[in-house]
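For the sequence shown, the UniProt record's numbering gives the first residue as 1, with consecutive numbering after it.
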Amino acid sequence: KIEGIQIAALVHDIGKINIPAEILSKPSKLNEMEFSLIKNHPKVGYDILRKIDFPWPVAKIVLQHHEKIDGSGYPQGLKGEKILLEAKIIGVADVVEAMSSHRPYRPSLGIDKALEEIIQNRGVLYDPEVVDVCLKLFKEKDFKFES
């Protein structure tokens, strides 16, 4: 199962291959059409990966990595237990990495702000157990992202 998560994590944004570079690197707010292209990347990734016979549900994990446990995520609006645990793990990791990294439209918000986000939305957007394990990695195990 861990190997499946590792593979899915490596390819989770493969669907962005369909998005023009100008949109991915746009330094200002996305318009509705641009944001809908971004929101479609999990489905594009799923369509690419579902043809590959992995021993794990990699395509489904990629499809679900932007779902939130309250149903507010995308592309399917899945809730709670309908979301694969592996997708919940990658979703939390993705949020923490994105917030603590520089983006074309903003500087890094830092790891503290990223961890604050998952703490505030623990049990709302993010699976409580996944959040707890993530916090443990950063606070007790001293995990750091490679620069």
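C-beta atoms are modelled at their ideal positions from N, C-alpha and C, and glycine is treated no differently. None of the values given here were measured: they were computed from a predicted structure.
message = Distance check for G123 and G91, CA to CA, integer angstroms please.
response = Those two C-alpha atoms are separated by around 14 Å.
*asked:* Looking at the secondary structure, which residues open and close the alpha helix (DSSP H) in which S108 lies?
replied: No alpha helix (DSSP H) holds S108; DSSP gives it neither H nor E.
- Message: In the DSSP output, which residue or residues are listed as bridge partners for K79?
- Response: DSSP lists D70 as partners of K79.
Less than 6 Å between C-beta atoms, sequence neighbours within five positions excluded: which residues of the same chain meet that for A114?
So the qualifying residues of the chain are V96, M99 and S100.
Checklist entry - Going by DSSP, which residues form a beta bridge with Y46? => result Answer by DSSP bridge pairing: none, since Y46 is not bridged.
Exercise. Which residue from R103, K144, E67 and D132 puts its Cα closest to that of K26?
Worked result: Looking only at R103, K144, E67 and D132, the smallest Cα-Cα distance to K26 is reached by R103.
Considering just the uninterrupted stretch of the alpha helix (DSSP H) at V11, what are its terminal residues? For V11, the enclosing alpha helix (DSSP H) covers residues I2 to V11.
*Start and end residues, alpha helix (DSSP H) containing D94*: Residues L85 to M99.
Practice item. Taking P42 and P75 to be in contact with their CB atoms under 8 Å, please state how far apart those CB atoms are, rounded to whole angstroms. Key: About 5 Å separates the two Cβ atoms, so the contact holds.
task: Can you have a look at G73 and say buried or exposed, based on whether 16 or more other CB atoms are within 10 angstroms of its CB?
output: A buried status is given to G73, since no fewer than 16 other beta-carbon atoms sit within 10 Å of its beta-carbon.
By a C-beta neighbour count over all protein chains shown, 10 Å radius and 16 as the cutoff for buried, is V133 buried or exposed?
So V133 counts as exposed.
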